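Report on the following structure.
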Amino acid sequence: MTTSDLEYWEIWYPQAAATGLLIARGQLQRTDTLFLHSAPEVVTVEISDNEGRRLAYGANLERTQDSPMCKLRRESDLISREDIWPGAEDFETPVILPGGEVGILKSWWNSEDWMEWRWQVEFCNSRR
């Protein structure tokens with residue numbers, strides 16, 4: 269894999285400051301689904317290639333429910349949002365944390381009353 273095979277996912281909170289506040293900017297292998305942990309009530313998302321060309325965009329995507337994970341989905345050149353409680357079917361999906369670190373969701377548990385959860389994310393880095 270080369271850097272030209274990677275994409276940038278940039279996530280903004282558009283209702284802060286004069287022009288919005290960057291939540292996360294992560295570089296990862298192409299994916300059509302990315303989880304965001306602790307998303308605000310509204311986000312704007314842009315996916316671009318290594319040359320800065322916009323590949324997909326979603327503006328002012330509103331929260332769909334009160335949950336700790338936001339599922340961002342690329343559909344052609346558009347991005348949609350669905351706030352979820354992950355299940356086993358979501359394991360192995362990339363997760364971006366505020367700041368931009370990207371890992372892979374390995375496990376998830378939540379209580380029946382949705383008041384607590386435990387999860388594991390795997391991170392793998394390279395200096396190549």
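Going by my numbering, the first residue of the sequence shown is number 269, and it counts up by one from there. From the three backbone atoms N, C-alpha and C, an ideal C-beta is built for every residue, glycine too. Since this is a predicted model, take the numbers as computed values, not measurements.
DSSP state of residue i, grouped into three classes?
i	result
E314	strand
D273	helix
E278	strand
E357	helix
Which stretch, first to last residue, makes up the beta strand (DSSP E) that contains residue i?
i	result
G294	L289 to Q297
G326	R322 to E330
L304	T301 to H305
L340	M337 to E343
E350	L346 to I352
P362	P362 to I364
Short check: CB of residue i to CB of residue j, under 8 Å?
i	j	result
E390	I364	no
Y281	I291	yes
S379	Q388	no
L329	T301	no
L304	L274	no
Contact check, residue i vs residue j under 8 Å by CB: the rounded distance?
i	j	result
Y325	D345	7 Å
R342	I315	6 Å
Q | Whole beta strand (DSSP E) elements within the stretch 368-394, 3-residue minimum | A | 370-378 and 385-390
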